[in-house]
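Asks:
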Amino acid sequence: MNTKAWRDEINKCAKCGKCRSICPVFIETGNESMVARGRISLAEALRNGEIFHTELLRDYLLSCKKCLRCSSICPSGVDYDIIIQTMLDDLAKHLGIWLIPRIVFRLFLTRRWLFNLLLKTASIFQRLVPLKRRGTMRHLPFMLMGGRWIPPLAKKSVLRNHRNTKKIKDPKMKVGFYVGCLINYVYTDIADAVIEVLNHLGVEVVVPSKQLCCGIPARSLGDAKTARRLAEANVEVFEKANVDFIINACATCGRTLKRDYLHILGDRALPFTNKIYDVSEFIEKYFHMKQRHSARRLPTMTLVISTGVKIYQSNPGIF
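In this text, residue positions in the sequence shown follow UniProt numbering: the first is 1, and each later residue adds one.
#1: For residue 248 versus residue 278, is the C-beta spacing smaller than 8 Å?
#2: Pick out whichever of 71, 171 and 117 has its Cα sitting closest to the Cα of residue 104.
#3: What did DSSP end up calling residue 50 once you bin it into helix, strand or coil?
#4: Does any heavy atom of the ligand ZN sit closer than 7 Å to the C-beta of residue 112?
#5: Check the C-beta distance from residue 159 over to residue 207 and give it rounded, since I have them as a contact under 8 Å.
#6: Would you tell me roughly how many angstroms separate the C-alpha atoms of residue 203 and residue 40, rounded to the nearest one?
#7: Taking the Cβ atom as the reference point for each residue, do residue 109 and residue 213 lie within a distance shorter than 8 Å?
#8: Please classify residue 187: does DSSP put it in a helix, a strand, or coil?
#9: Between residue 245 and residue 272, which are expected to be in contact by the criterion C-beta below 8 Å, what is the C-beta distance as a whole number of angstroms?
#10: How close, in whole Å, do the beta carbons of residue 221 and residue 88 come, if the pair is a contact with beta carbons under 8 Å?
#11: Can you confirm whether the region 260-272 touches the region 224-243 when touching is taken to mean that 3 or more C-beta pairs between the two stretches lie within less than 8 Å?
#12: If you run the structure through DSSP and keep just helix, strand and coil, what is residue 97?
#13: Whole angstroms is fine: what's the gap from residue 144's alpha carbon to residue 154's?
#14: Would you report the Cα separation of residue 238 and residue 177, rounded to the nearest angstrom?
#15: Residue 274 by DSSP, collapsed to three states: which one?
#16: Roughly how many whole angstroms lie between the Cα atoms of residue 92 and residue 241?
#17: In chain order, what residues of the same chain have a beta carbon less than 6 Å from the beta carbon of residue 262, not counting five sequence neighbours either side?
#18: Within this structure, are the beta carbons of residue 77 and residue 12 separated by less than 8 Å?
#19: I'd like to know whether the C-beta atoms of residue 37 and residue 226 end up nearer to each other than 8 Å.
#20: Is the Cβ of residue 10 closer than 8 Å to any Cβ of chain C?
#21: Please return the same chain residues whose Cβ sits closer than 6 Å to the Cβ of residue 224, not counting the five positions on each side in sequence.
#22: Looking only at its own chain, which residues have a Cβ that is under 7 Å from the Cβ of residue 17, when we skip the five neighbours before and after it?
#23: Give the C-beta separation of residue 191 and residue 183 to the nearest angstrom, bearing in mind that I take them to be a contact with Cβ-Cβ under 8 Å.
#24: With a CB to CB cut of under 7 Å and the five nearest residues on each side skipped, what residues in its chain are close to residue 23?
#25: Skipping 5 residues on each side, what residues in its chain have a beta carbon closer than 7 Å to that of residue 26?
#26: DSSP state of residue 166, grouped into three classes?
#27: Which of the three DSSP states is assigned to residue 108 in this structure?
#28: DSSP beta-bridge partners for residue 174?
#29: Which whole-angstrom value is the C-beta distance of residue 179 and residue 243, which I expect to be below 8 Å?
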């Protein structure tokens, strides 16, 4: 764990506390151990042998939602994600990974048909749970943890509904669409809209049926083995698709594909990550837009916040 990159990022932190003003978890809890500065102090203590690998330490790290607002305003330029991810990987080696997540990650996420079956079964059983006991959920693979609630599943998943590529006459380019779990199973209308817009712009869209979860749930718990398997599988699938670019519509998935895959696979992922674009970023970059006034909610994790603003201030006649 005690790599040079990890040590360098820890040493950058000046403990100024600016992260306290923007961290949603700290604002809610007021707990210094649940803000970037506090977690970096815990990293220093772990490095120096002052504290040990414990479940409490892991709880403090997992309380981070990885929105990375702290990194975006840090005057010292600390790459907070490297610090926390290195610690999570190390804790997983010392403490192991909880049983249910380990089963879900290693058995189901790497097998699409089993994951489909698991979701359908869980969706049926959750109807028996009183509404007041239902939690909330941002990412589907976390569904069996903490009593989280699965949103109503679509009748047909995106991967099932878009098996056949719609042929475009004289397409300007060919792109692959990385769907992600939540859009694939729940918010299928987002995928329909993305494909419709791109087709309207003369772009042929391919939706590879063998794509898997991006791996962020497994990576977040330090399951490096599963995260690597998923990354390798997705890179291979889109290489075989032979597309010009790879489009996504989920900020979490997009960030994982573009940044985390480089940490997981190194240079092997470079040709893949260079093709990754958020759909808003892609349209803004490759198609001319006319200005209009509009508003859009921006996900905190997106890498292209300014681009998201630009694209929704534009009007090519299709929005």
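All C-beta atoms, glycine included, are put in the ideal place defined by N, C-alpha and C.
Replies: The answer reads as follows:
#1: One thing to note: residue 248 has its Cβ within 8 Å of the Cβ of residue 278.
#2: Nearest neighbour of residue 104 by Cα position, chosen from 71, 171 and 117, turns out to be 117.
#3: Coil, per DSSP.
#4: Among the components of this structure there are no ligands whatsoever, and the ligand ZN is therefore not found.
#5: Between residue 207 and residue 159 the Cβ distance is about 7 Å, and since that is below 8 Å, they are a contact.
#6: Between residue 203 and residue 40, the C-alpha separation is close to 45 Å.
#7: A distance below 8 Å separates the beta carbons of residue 109 and residue 213.
#8: Here residue 187 sits in coil by DSSP.
#9: So it is not a contact: roughly 11 Å between Cβ atoms.
#10: Rounded to whole angstroms, the Cβ separation of residue 221 and residue 88 is 7 Å, and the two are in contact under 8 Å.
#11: In short, these stretches touch, since the Cβ pair count reaches three.
#12: In the structure shown, residue 97 sits in coil (DSSP, three-state: anything other than H, G, I, E or B).
#13: Any answer about residue 144 is weak, because its pLDDT of 47 lies below 50 and its placement is not dependable; what the coordinates show is given next. When rounded, the distance between both Cα atoms is 19 Å.
#14: Rounded to the nearest angstrom, the gap between the Cα atoms of residue 238 and residue 177 is 9 Å.
#15: DSSP places residue 274 outside both helix and strand once states are collapsed to three, so it counts as coil.
#16: Between the C-alpha atoms of residue 92 and residue 241 there is a straight-line separation of about 34 Å.
#17: Non-local C-beta neighbours of residue 262 in its own chain, meaning closer than 6 Å and more than five positions away in sequence, comprise 269 and 273, ordered along the chain.
#18: Their beta carbons are under 8 Å apart, which means residue 77 touches residue 12 by this criterion.
#19: No Cβ-Cβ contact shorter than 8 Å links residue 37 with residue 226.
#20: Of the protein chains in this structure there is only one, and it is not chain C.
#21: 89.
#22: Excluding the 5 residues flanking it on each side, residue 17 has same chain C-beta neighbours closer than 7 Å at 37, in chain order.
#23: About 5 Å; that satisfies the 8 Å criterion.
#24: Cβ neighbours of residue 23 beyond the five flanking positions: 35, 36, 69 and 70.
#25: 20, 34 and 35, listed in sequence order.
#26: DSSP, read as helix, strand or coil, puts residue 166 in coil.
#27: DSSP places residue 108 within a helical segment (H, G or I) once states are collapsed to three.
#28: Answer is 204, bridged to residue 174.
#29: In this structure, residue 179 and residue 243 do not form a Cβ contact; the two beta carbons are roughly 14 Å apart against a cut-off of 8 Å.
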